[in-house]
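Participant: Quick one: the structure is below, questions incoming.
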Amino acid sequence: MSILARTFDTTIRVLLCRKQTVKRILTVAALAAAWIFFSHVLLDKHGTAGRRADGRNPGSKNNLRSSQGALTSVSAESVHTTEDWFGQDVDSRGGVQVGRRVQDGNADWPGGGGPRGMPSDDQKPLIQVIHKPGLLPVKSPKHIQRDVAFQPDPHNERGKSPVHTVRLPSRRLPGTLPRATKKTAERDRFGSDIVRGMTVGVGVEPIALLVLCKEPFFSLSLADMRELLGKHRIRFEIGRGSASPDSFFPQAPSMGAEPQGRYSVIIFENWSLYTDAPDAKREDLDSYCRLYGVGMVAFVSPAYPFVFKQVTVRPLVDTTRNVSMVLRVNGRSPMLRIVRDGGEMLTSVSGGDWCAFEGNTSAFDPVEYARLPDGADSTEWRISLLDTGRVDGIRRVLFCQHPGMYLWLHKALFLDAVSHLSPATLGLPLARRFLVDIDDIFVAPLGTKMSPDDVEQLVKTQEEVRKQVPRFTFNLGFVGSKFAQGTPWEAKGDHHFVELAQHFYWFPHTYTHIAPHRTWNVSEMIRHMKANKEFAETNKIPVSGAYAISPKHSGVYPVHEPLYTAWREVWGVKTTSTEEYMHLKPGYKRRGFIYRGIKVVPRQVCGLYTHTFKRQDYPGGIQRLQETAEGGDMFESILHNTICIFMTHVSNYGHDRLGNYVVKAVVDYIQRWTNLELSYSPPHEAVSEYFEQHLDEAMPFWLDPCRDPRHYAIWSEEKRRCFNLPNVLVVGPQKTGTTALLDFMTLHPKISRNRNTPKHFEEMQFFSNDANYLLGLDWYMQHMPLVNTATNLTITYNASDTIEKPAHFIVEKSATYFDSYMSPLRAWRLMPSVKVIVILVDPVKRAYSWWQHQVAHKDPITTQVSFRTLLLRNHRHNRAKSVLKQRCLFPGQYAVHLKRWLAFFGPKQIHIIDGEELVKDPVPVMHAVQKFIGVQFIDYAQHIKKSATKGFFCPVINGKLKCLGKGKGRTYAPMEPSARTLLKAYYAEHNKDLAKILGSIKVPLPTWLKEDLRKREATAAAAGNAAEV
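In the working numbering, each residue's number is its place in the sequence shown (first place is 1) plus 2.
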């Protein structure tokens, strides 16, 4: 087979070199047809004939094993961890965790062991293809057909979605040739001489998989790697507990498509997780990596010295104390993308964290060397190796060091390894926009402003930096009222700034340097800005007005509406930056957003503040400032952000000119040690580029300013209503009795609800409606009652249950929250400790109730089609019908939506109400609600009575029943039996999943769900008995 492949390849290459085009095409086509024919003959001869009863091929060394069990994967489309939107997986709140198993039977969910009947770890198949109902069977690439067997899974109980196991060969696949990609060409510019990967034409998702130890082998590794991947916007998932996690599943492909791999690179916290794994598991993983061209990154420790045959590791030094070490990278390594060979680097490291490879490493390319300083042992050890696939056809990068990665060099090498080994694009591009803002021009305490010589030196520094950063220009923010104040020499410096104004890019502050959050008067804000504009025009300072910075970090976030209004009216501001969103620290989590048409991007700090203008006064000395530029915070800000706008102050460029020094130092260091391409563009252009790269950040997230001291300090005093946000959310879904529940809850004297809105009445729909969400946090809080939820009260439910709870509760009800994709995240961002209440009724009844709701509101679609017709037909070309069908069906997929809420709020924060019980006997339901939220107990039997005329329970107010309006509790014609059958079939799998989730979080099943499952089991048993007969 391999001889035929090589012959075919050689013939094609010869023909392609000839000039006769038509003959060449015909000849190639004939050869291709012959190749297909002979390959199928050989496949039939060697691959499919003579298989044994156990599914193995006696003629192949790569025997296939039959399926041993099914794993049900949590869909990444429906389950998100807290930081999914920022490239991270947070698994510390007890919510759903991507990469873990949803288990059957009595198994807990999420986490821990498998369902009943599951095979042992060394038997579990790793690579599975899930066949969705209605899709054609998944086809593997033809050149691997002889080594792939599709076999039904005996443990699968999901009748409509059979899971089949694919056992791929453990050797290199026949006919797979290395091929170049766009990323290869990018690396080739930096000296790569190896074509990457052994892909076979099937794709992978751009997701990294972190495989962690059961025990905290490296206590900081998870946080460090997760942070680093998050900084570079690399999506990842976490697998724990074994060398081969449970989730190496190719995604179910669309019809006619090839299977797609889930992960594009595998990262092992500890190499022993791979080497100590059972052979079958390791073969599975190896086959996956060969098939998809996926590589492995791993960290090696002296505690587990075995690496490969004849390759071991040894401690680099015999001490755990900090030691000096000289590091050097191999400039010819094809792995290098970010990192450049900058010579030798002297650093101090903890000796216990370092080791070196020894033995026969000829099959590996060295990436990094280490040696002791001069005067000690001069041996240069290999501490990082690149396996280009010469060992077993799988590319790997091995780091003989602690995965905590304290040094910037190792962080960058780790990122280079992840990028190099992935067939998908991972990480940020190499281009960087480098901008430096100098705030508060003309503003500084007496004796700290810039002199004429300082201004001249600033121009010279700008020219020097331009030699390395094209078009680099300092951005100057000015305050007109402080012009020419200070000493005579400083006044001359201000005038010299104006004389040289054309050399800089100018942006406005406010005229008197007032903090915007201190005034609520828009007219006053406009007056300050107009005065600053007049000053600029009088002194011929060129100000574009498209970019502005608010003084004292105020007003941009938390947003202060008068600032945005005045900016647009006076200057036409379109862009700004702040270091306060989402929080000042950690800096890598800063993000951008767009509010009222003004684009806001992250602003970086560089260790220079208003008081740092003399060397001897700098905290930690000048050496500390040098470290900031040479591998420290400022350097890493450039490393991890494509658009870098640094905040400095005018005082940093006078006296000892620390600002000039740090700007030149960081540019020099970037040029020496990295391949990053620094360039400059005006701030308003750079901000626009930012949102071209990060489209997902346009919508802001509102956070509670009371939870961040910096946010609270720059929050307007008129708005400071801490403890005035809801502590209970009733999230729906619609048509399940949420309005009745809200009425019952507010009968309690210590429970208040939000005020009505003109558009949505009692519902705010703040988290589910983008238009409402963009109205801002102020709008949301203005609809909350003025009560204090901070005062605690001791509550006793029984002799053994006494707790401290707020004395007053605010409940907000919006039934659109439950099935809204963004609502859980938005609610968690603003109110992470809020209690969530969900009502579940039979989804079949809920769907029909929504249809009847639209009928009562005279929706014209309901007069055009019947309910059954709406369900049966595809309304792709009729948006109104499609939307109505979706609103009938989608909210009833309870498992899908509940998983998403569980990803942000733990089971103890979510209360599930059986909607049937709420209708039949609401008193015990309301008593359970009281206990869940922690409010003081009242007997609802005295406040809720059944109406003889309405036929359902109503609140008792002032001794009289006050039932809901005629739009609630209406009666209507029964559903067509055929429509009911359709809906029951549609929700069957969703209800099964719901039962598993409720069981895992120890919530009793609703009565309607128990009945549905019982009937299905009885039907299945009857069908089985009939089949036996």
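Note that beta-carbon positions come from the ideal geometry of N, C-alpha and C, so glycine has one too.
1) What are the start and end residues of the beta strand (DSSP E) that includes residue 350?
2) Can you find a heavy atom of the ligand FAD that lies under 7 angstroms from the Cβ of residue 332?
3) Report yes or no: do three or more beta-carbon pairs, one from the segment 621 to 633 and one from the segment 461 to 470, lie closer than 8 angstroms?
4) Helix, strand or coil: how does DSSP classify residue 651 here?
5) So residue 639 packs on residue 673, CB below 8 angstroms; how close in whole Å?
6) With DSSP run on the structure shown, which of helix, strand or coil describes residue 291?
7) By Cβ distance, which residues of its chain are closer than 7 angstroms to residue 1006, with the 5 residues on each side in sequence left out?
8) Between the segment 536 to 543 and the segment 568 to 578, do three or more beta carbon pairs fall short of 8 angstroms?
9) Under a three-way DSSP split, which group does residue 278 fall into?
10) May I ask you to report which of helix, strand or coil DSSP gives residue 356?
11) Could I get the ranges of all uninterrupted beta strand (DSSP E) runs contained in the segment 617 to 694, with 3 residues as the minimum, in chain order?
12) I'd like the list of long-range same chain contacts for residue 270, defined as Cβ closer than 6 angstroms, with 5 residues on each side in sequence excluded.
13) Pull up the distance between the alpha-carbon of residue 686 and that of residue 531, whole angstroms please.
14) For the pair the segment 486 to 494 and the segment 433 to 451, tell me if three or more CB-CB distances fall below 8 angstroms.
15) Do residue 716 and residue 585 have their C-beta atoms within less than 8 angstroms of each other?
16) With the cut-off set at 8 angstroms, would you say residue 426 and residue 588 are in Cβ contact?
17) Within a Cβ cutoff of 7 angstroms, which residues of the same chain sit near residue 398, ignoring the five residues on either side of it in sequence?
18) Please work out which residues of its chain come closer than 7 angstroms, Cβ to Cβ, to residue 964, disregarding the five sequence neighbours upstream and downstream, and give them in chain order.
19) With a floor of 4 residues, list each alpha helix (DSSP H) that falls wholly inside the segment 736 to 762, ordered by position along the chain.
20) Suppose you measure from the CA of residue 1 to the CA of residue 234; what does that come to, to the nearest Å?
21) Which full runs of the alpha helix (DSSP H) of 4+ residues lie inside the segment 462 to 524, going along the chain?
22) So, does the segment 332 to 343 touch the segment 279 to 288, judging by three or more C-beta pairs under 8 angstroms?
23) Return the first residue and the last residue of the beta strand (DSSP E) that residue 716 is part of.
24) Looking only at C-alpha atoms, which of 742, 610, 548 and 543 sits nearest to residue 923?
25) Measuring alpha carbon to alpha carbon, tell me which residue in 318, 337, 548 and 830 is nearest residue 328.
26) Per DSSP, residue 551 forms a beta bridge with which residues?
27) Is the beta carbon of residue 1057 less than 8 angstroms from the beta carbon of residue 761?
28) Taking Cβ to Cβ, would you say residue 558 is nearer than 8 angstroms to residue 602?
29) In angstroms, rounded to a whole number, what distance separates the CA positions of residue 624 and residue 661?
30) To which residues of the same chain is residue 995 closer than 6 angstroms at the C-beta, ignoring the five residues directly before and after it?
31) Considering only DSSP beta bridges, list what residue 913 is partnered with.
32) In three-state DSSP terms, what is residue 382?
33) Distance check for residue 740 and residue 866, CA to CA, integer angstroms please.
34) If we ignore side chains and look at the alpha-carbon of each, how far apart do residue 667 and residue 591 end up?
35) What does the Cβ neighbour count give for residue 878, buried or exposed, with the cut at 16 atoms within 10 Å?
36) Is DSSP giving residue 333 helix, strand or coil here?
Facilitator: The short version:
1) One-based indexing of the sequence shown puts residue 350 at position 348. Unbroken beta strand (DSSP E) run through residue 350: 347 to 352.
2) The ligand FAD is absent from the structure shown, which contains no ligands of any kind.
3) no
4) As a working note, residue 651 is residue 649 in the sequence shown. Of the three classes helix, strand and coil, the one that applies to residue 651 here is strand, per DSSP.
5) In the sequence shown, residue 639 corresponds to position 637, counting from 1. In the sequence shown, residue 673 corresponds to position 671, counting from 1. The Cβ separation is near 16 angstroms, so there is no contact.
6) Taking the sequence shown and counting its residues from 1, the one referred to as residue 291 is at position 289. Of the three classes helix, strand and coil, the one that applies to residue 291 here is helix, per DSSP.
7) Translated into the one-based positions of the sequence shown, residue 1006 becomes position 1004. Excluding positions up to five away in sequence, the list is empty.
8) No, the segment 536 to 543 is not in contact with the segment 568 to 578.
9) Position 276 of the sequence shown holds residue 278. Correct three-state label for residue 278: coil.
10) Position 354 of the sequence shown holds residue 356. Strand, per DSSP.
11) 645 to 651 and 679 to 681
12) For this step, residue 270 is matched to residue 268 along the sequence shown. Cβ neighbours of residue 270 beyond the five flanking positions: 213, 276 and 300.
13) As a working note, residue 686 is residue 684 in the sequence shown. As a working note, residue 531 is residue 529 in the sequence shown. Straight-line measurement puts the Cα of residue 531 at about 19 angstroms from the Cα of residue 686.
14) yes
15) Indexing the sequence shown from 1 puts residue 716 at position 714. Indexing the sequence shown from 1 puts residue 585 at position 583. No, Cβ-Cβ distance for residue 716 and residue 585 is not below 8 angstroms.
16) Along the sequence shown, one-based indexing puts residue 426 at 424. Along the sequence shown, one-based indexing puts residue 588 at 586. No, Cβ-Cβ distance for residue 426 and residue 588 is not below 8 angstroms.
17) Within the sequence shown, the letter at position 396 stands for residue 398. 297, 298, 300 and 389.
18) As a working mapping, residue 964 is identified with position 962 in the sequence shown. The residues are 956 and 957.
19) 740 to 747
20) With the chain represented from 3 up to 1031, any question about residue 1 goes unanswered, as that position is not in the structure.
21) 490 to 501
22) no
23) The count along the sequence shown starts at 1 and reaches residue 716 at position 714. According to the DSSP assignment, residue 716 belongs to no beta strand (DSSP E), since it is labelled neither H nor E.
24) Working through the sequence shown from its first residue, we reach residue 923 at position 921. Considering only alpha carbons, the answer is 742.
25) Working through the sequence shown from its first residue, we reach residue 328 at position 326. Selected option, being the one with the closest Cα: 318.
26) As a working note, residue 551 is residue 549 in the sequence shown. In the DSSP secondary-structure assignment, residue 551 is not bridged to any residue.
27) Because residue 1057 is not part of the residues shown, which for the chain are 3 to 1031, the question remains open.
28) Stepping through the sequence shown from its first residue, residue 558 is reached at position 556. Stepping through the sequence shown from its first residue, residue 602 is reached at position 600. Yes, Cβ-Cβ distance for residue 558 and residue 602 is below 8 angstroms.
29) Walking along the sequence shown from the start, residue 624 turns up at place 622. Walking along the sequence shown from the start, residue 661 turns up at place 659. Roughly 12 angstroms between the two C-alpha positions.
30) Here residue 995 refers to the residue found at position 993 of the sequence shown. Contacts found: 897.
31) One-based indexing of the sequence shown puts residue 913 at position 911. Beta-bridge pairing links residue 913 to 839.
32) Here residue 382 corresponds to residue number 380 of the sequence shown, with the count starting at 1. Residue 382 falls in the coil class under three-state DSSP.
33) As a position in the sequence shown, residue 866 is number 864, starting the count at 1. As a position in the sequence shown, residue 740 is number 738, starting the count at 1. In a straight line, the C-alpha of residue 866 is about 30 angstroms away from that of residue 740.
34) Taking the sequence shown and counting its residues from 1, one reaches residue 667 at position 665. Taking the sequence shown and counting its residues from 1, one reaches residue 591 at position 589. Straight-line Cα distance between these residues: approximately 25 angstroms.
35) By one-based count along the sequence shown, residue 878 stands at place 876. The residue in question, residue 878, is exposed, as its Cβ has fewer than 16 Cβ neighbours within 10 Å.
36) Residue numbering aside, residue 333 sits at position 331 when the sequence shown is read from its first letter. Residue 333 falls in the coil class under three-state DSSP.
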